[in-house]
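Per our numbering, residue 51 is the first one in the sequence shown, and the count goes up by one each step. We put the beta carbon where it would ideally sit given N, CA and C, even for glycine. Encoded as structure tokens, the structure appears first; notes follow it.
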Amino acid sequence: MSLHVLKLVACADGHEQYIDGERHALLVFINANSLESALSATPAHLATCGWQYAEVRDAKELAVEVSSISDDVLRNAAEAALQDGYAIVAYATPITDASS
Numbered sequence: 051m052s053l054h055v056l057k058l059v060a061c062a063d064g065h066e067q068y069i070d071g072e073r074h075a076l077l078v079f080i081n082a083n084s085l086e087s088a089l090s091a092t093p094a095h096l097a098t099c100g101w102q103y104a105e106v107r108d109a110k111e112l113a114v115e116v117s118s119i120s121d122d123v124l125r126n127a128a129e130a131a132l133q134d135g136y137a138i139v140a141y142a143t144p145i146t147d148a149s150s
């Protein structure tokens, strides 16, 4: 298994912190056997967490050691994904530009 990171946009749908229909940028860390399995498993997991209509913008295997991630939020999310399988970082400001 290896850690992958997916950059995407999704709509809140039943999320406890965000208004339904708002689009947000998300970073999803997932511990998976391959990038393909990470991409195929992520939509169902997002749905259980209150996110729908995910549009993947970028996806790759994490190429650095988790301990070298300087941002505390991102490092903690990566560490959580190593332990729990998934971690989601949602950016609080909704995306209002339709082309984003």
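Can you tell me the Cα-Cα spacing of I69 and A75, whole angstroms?
14 Å
Nearest candidate by alpha-carbon position, reference Q133, set A97, N81, L56, T146:
N81
Of the listed residues L58, L77, K57, nearest to V123 (C-alpha basis):
V123 has its Cα closest to that of L77, out of L58, L77, K57.
Contacting residues, own chain, Cβ-Cβ under 6 Å from H65 (five flanking each side not counted):
G100
Alpha carbon to alpha carbon, what distance is there between L85 and D147?
29 Å
According to the Cβ coordinates, are V59 and R73 closer than 7 Å?
yes
Is A155 near A137, with beta carbons less than 7 Å apart?
Past the boundaries of the shown model lies residue 155; the chain is included only from 51 to 150, so the question cannot be answered.
How many angstroms separate the CA atom of N126 from the CA atom of A94?
23 Å
Unbroken beta strand (DSSP E) run spanning L77, endpoints:
Note, L77: beta strand (DSSP E), 73 to 82.
What separation, rounded to the nearest whole angstrom, lies between the Cα atoms of V106 and L89?
8 Å
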